[in-house]
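**Q** For this note's numbering, add 55 to where a residue sits in the sequence shown, where the first one is 1.
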Amino acid sequence: MSLARHGAGVGATLRAFWSQVHPIFMLPPLAASLFGAVLAREAVPVLAAVHVVAMFAAVYTAHIKDGYVDFYVRDEDDDHPLTERGCRVGLSLSTTVFTLCCLVLLALVGWIAVALTVPTWLIAYYHAPQLDMNPVTATTGYPLGIALSLFAGFYVQAETIAAVPLGFAVVFLVLLSGIKVIDDAKDYDYDRSIRKRTVAVALGPDSAYTVAYGLMITALLVVVAFAVLQVFPPTAVLAALAFAAVAVVAQRAPPDLATMLLIRGSYVFLAVLVAAVWFEPLARVG
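(1) Determine, using beta carbons only, whether L230 and A294 come nearer to each other than 7 Å.
(2) Buried or exposed: where does D238 fall if 16 or more other Cβ atoms within 10 Å of its Cβ makes it buried?
(3) Smallest Cα separation from L171: which of A59, Q185, I216?
(4) Given R339, which residues of its chain have a CB within under 7 Å of its CB, disregarding the five upstream and five downstream residues?
(5) Since T175 is in the alpha helix (DSSP H), which residue starts that stretch and which ends it?
(6) Report buried or exposed for I79, applying the criterion of at least 16 other Cβ atoms within 10 angstroms of its Cβ.
(7) Whose C-beta lies closer than 7 Å to the C-beta of M110 among residues of the same chain, with five residues either side of it excluded?
(8) Assign S147 to buried or exposed, taking buried as 16 or more other Cβ atoms, counted over all protein chains shown, within 10 Å of its Cβ.
(9) Scan the region 112–175 and note each continuous alpha helix (DSSP H) run of 4 residues or more that stays entirely inside, going in chain order.
(10) Return helix, strand or coil for R339, following the three-state DSSP convention.
(11) Here's a check: name, in chain order, each residue in its chain whose Cβ is nearer than 6 Å to the Cβ of L137, leaving out the five neighbours to either side.
(12) Given this structure, state the Cα-to-Cα distance separating A179 from R252, to the nearest angstrom.
(13) Would a C-beta distance cut-off of 7 Å place C156 and I119 closer than the cut-off?
(14) Distance, Cα to Cα, V344 vs V105?
(15) So, at 8 Å on beta carbons, what are the nonlocal neighbours of A308 in its own chain, with the 5 sequence-adjacent residues on each side left out?
(16) Using the rule of at least 16 other Cβ atoms within 10 Å of the residue's Cβ for burial, across every protein chain shown, is I249 buried or exposed?
(17) Where does the unbroken alpha helix (DSSP H) through R319 begin, and where does it stop?
(18) For my contact list, G320 and Y268 are in at a C-beta cut-off of 8 Å; report their separation, rounded to the angstrom.
(19) Go ahead and pull the three-state DSSP assignment for A59.
(20) With a threshold of 16 other CB atoms inside 10 Å of the CB of D187, please say whether the residue is buried or exposed.
(21) Could you tell me the boundaries of the alpha helix (DSSP H) in which R70 lies?
(22) Pick helix, strand or coil for L284, following the three-state DSSP scheme.
(23) Looking at R129 and the ligand ADP, is the gap between the Cβ and the nearest heavy atom below 6 Å?
(24) Can you give the beta carbon distance from A112 to V152, rounded, assuming they're within the 8 Å contact cut?
(25) Judging by CA-CA distance, which residue of V332, D242, L158 is the nearest neighbour of V108?
(26) For the region 276–294 against the region 253–264, are there 3 or more C-beta pairs whose distance is under 8 Å?
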């Protein structure tokens, strides 16, 4: 039985599986893992690579499962490159890779590293159709996965719990939750028709925008406050200013464009934070 719905042979199958790699949504968790490693200051490349592969496998699981649910269960999408069997094979492969990475982390680091990593797969697998039907979990699932990726990426290297990576994880959770609210708002009409309770459906589009920008402003203020308190390096304020500039432009844009601008703004935000930590080393972490 074929794994790909369009075409036959190895090439068509590989293209179908590759189609489930969505860089815009996949890069942030991988970058967050590496940022966690940077915060540890003396990263071991092998450990960083293992955790990055685990995050790739987790996000790939989410993409496969989400596509399967949207096309085969909800009849939401017009097309899907994989057959039902192809989706099951993809889930099995990604889960196997994730499990192997966890076993390596267990052997090289310890059970706490695994305990911080496993929830990312659980969020990915259960996002659809369970978590995405509730306003809170639909909004915070992806941001929480990125926050855990950052924190676990640090722990894998440092084998300790510290204030700095925890602070950054919280900032990303709040900031990205705001972006996710706006991202969901663009599907307001459809989500309402299938009784999918996003924040926009639960509160209405106007209130959802208020919540979204309230979350993002809160995250930026936390960055500034932590910089003033010397928890974050002072130059981290530049990251807040850079994202704030993008948010001001996005506020006047329609949902689709606003989402695109804010997601790319989060890339800039992360890049400036990496530079702030890399070029201005912290005397101590935690």
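Where is the CB? At the ideal position from N, CA and C, for every residue including glycine. If you're wondering where the values come from, they're calculated on a predicted model, not measured in any experiment.
**A** In terms of the structure at hand:
(1) no
(2) buried
(3) I216
(4) Unreliable positioning characterises R339 in this predicted model, as indicated by a pLDDT of 41, which lies under 50. A coordinate reading is not provided.
(5) 166–181
(6) exposed
(7) P84, L85, S88, T175, S204
(8) exposed
(9) 139–163
(10) In this prediction, R339 scores a pLDDT of 41, lower than 50, which makes its location untrustworthy; the coordinate-derived value is nonetheless stated afterwards. Three-state DSSP puts R339 in coil, outside helix and strand.
(11) A71
(12) 18 Å
(13) no
(14) Any question about residue 344 goes unanswered here, given that the chain covers just 56 to 341.
(15) L316
(16) exposed
(17) 310–334
(18) That pair is no contact at about 13 Å.
(19) strand
(20) buried
(21) 65–73
(22) coil
(23) Inclusion of the ligand ADP in the displayed structure is not the case, the ligand content being empty and no account of it being possible.
(24) 4 Å
(25) L158
(26) no
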